[in-house]
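Visitor: Going by numbering that gives the first Met the number 0, the residue at position 173 of the sequence shown is 172; the numbering climbs one at a time, nothing skipped. No residue lacks a Cβ here, since even glycine has one placed at the ideal position from N, Cα and C.
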Amino acid sequence: MLVAAMKARQTGFTLIELMITIVLVALILGLGVPSFVEFSRNNRMTGAANDLLADLNLARTESVKRHVAVTVCASNDPMAATPACAGTAVTSFAGWIVFVDDANPDVAAATDGDAAFDAGAGETLLRRHPLLPTGTTAKSDTGFITYAPSGFPTAVGGVSSATRVVICDSRGNKAVAAGNSAARGISVSVTGRAGITRSAADITSLGGC
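#1: Give me, in chain order, the residues of the same chain whose beta-carbon lies closer than 7 Å to that of aspartate 111; leave out the 5 immediate sequence neighbours on both sides.
#2: Over what stretch of residues does the beta strand (DSSP E) that includes threonine 70 continue unbroken?
#3: To the nearest angstrom, how far is the alpha carbon of valine 13 from that of isoleucine 19?
#4: In angstroms, rounded to a whole number, what distance separates the CA positions of arginine 65 and proline 148?
#5: What's the gap between the Cα of alanine 93 and the Cα of arginine 40?
#6: Under the rule that 16 or more other beta-carbon atoms within 10 Å means buried, what is glutamate 37, buried or exposed?
#7: Could you compute how far the alpha carbon of leucine 57 sits from the alpha carbon of valine 106?
#8: Does the distance from the CB of valine 158 to the CB of threonine 90 come in under 8 Å?
#9: DSSP three-state label for asparagine 103, please.
#10: Answer with buried or exposed for asparagine 49, where buried requires no fewer than 16 other C-beta atoms within 10 angstroms of its C-beta.
#11: Would you mind reading off the limits of the beta strand (DSSP E) that contains serine 198?
#12: Assuming valine 97 and arginine 126 make a contact with CB atoms under 8 Å, what is their CB distance in whole Å?
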């Protein structure tokens with residue numbers, strides 16, 4: 000009777016049950032992991048595009064409010080104590096800063112509206128964005144967008160403000176759903192209004208990845 004009772008209390012998995020469980024777990028991981036990776040990539044791209052759009056809107060609003068030039072420029076060291084613009088001819092927006100491009104509106108200076116952050120002259124840094132993650136690129140036609148007091152983009156030294164920025168990862172301008180691209184495109188109109196597009200065709204017209 001004691002042996003029978005002990006046998007009755009014994010529980011566990013059979014080898015077949017264990018194998019079935021392992022197969023099911025493998026299937027779930029096989030289906031779920033790629034979807035999660037894609038989800039993470041899309042969130043990263045959306046976040047970068049939204050951040051740049053928000054900073055462009057901030058620069059435009061501040062230029063009108065302060066009645067001075069405000070610049071968003073590409074920067075290779077945006078998180079440095081004194082960050083620097085990468086240059087007007089640069090075509091990579093890997094990181095960026097937003098600053099008031101005029102230290103004193105009442106005094107004209109050579110550093111006013113020059114698309115270069117002149118901390119020593121007293122220009123105010125408004126916002127900065129760290130370098131994009133490795134494998135994510137942001138390509139533009141020029142390295143800055145400077146807003147005049149009117150809120151319209153303005154040229155600096157004969158170089159026009161950027162009209163587009165295309166953000167891509169390893170997928171490139173790949174259509175992922177309903178004609179939407181894995182990449183993100185940001186266009187800046189002649190009036191200064193910026194907008195995001197996910198259309199693969201629009202991103203191609205903006206220069207592609």
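Guide: Once the coordinates are examined:
#1: Answer for aspartate 111: Ala68, Asp100, Asp101, listed in chain order.
#2: Counting along the chain, the beta strand (DSSP E) containing threonine 70 begins and ends at 69 to 73.
#3: The sequence as given places threonine at residue 13; valine does not occur at that position. Roughly 10 Å separates the two Cα atoms.
#4: Going by the C-alpha atoms only, they are around 7 Å apart.
#5: The alpha-carbon atoms of alanine 93 and arginine 40 are separated by roughly 17 Å.
#6: Exposed, since its Cβ has fewer than 16 Cβ neighbours within 10 Å.
#7: Here the C-alpha atom of leucine 57 lies approximately 24 Å from the C-alpha atom of valine 106.
#8: Taking C-beta atoms as the reference points, valine 158 and threonine 90 fail to come closer than 8 Å.
#9: Annotated three-state conformation of asparagine 103 is coil, per DSSP.
#10: Exposed.
#11: First-last of the beta strand (DSSP E) with serine 198: 193 to 198.
#12: Between the beta-carbon of valine 97 and that of arginine 126 there is about 4 Å, and that keeps the pair under the 8 Å contact cut.
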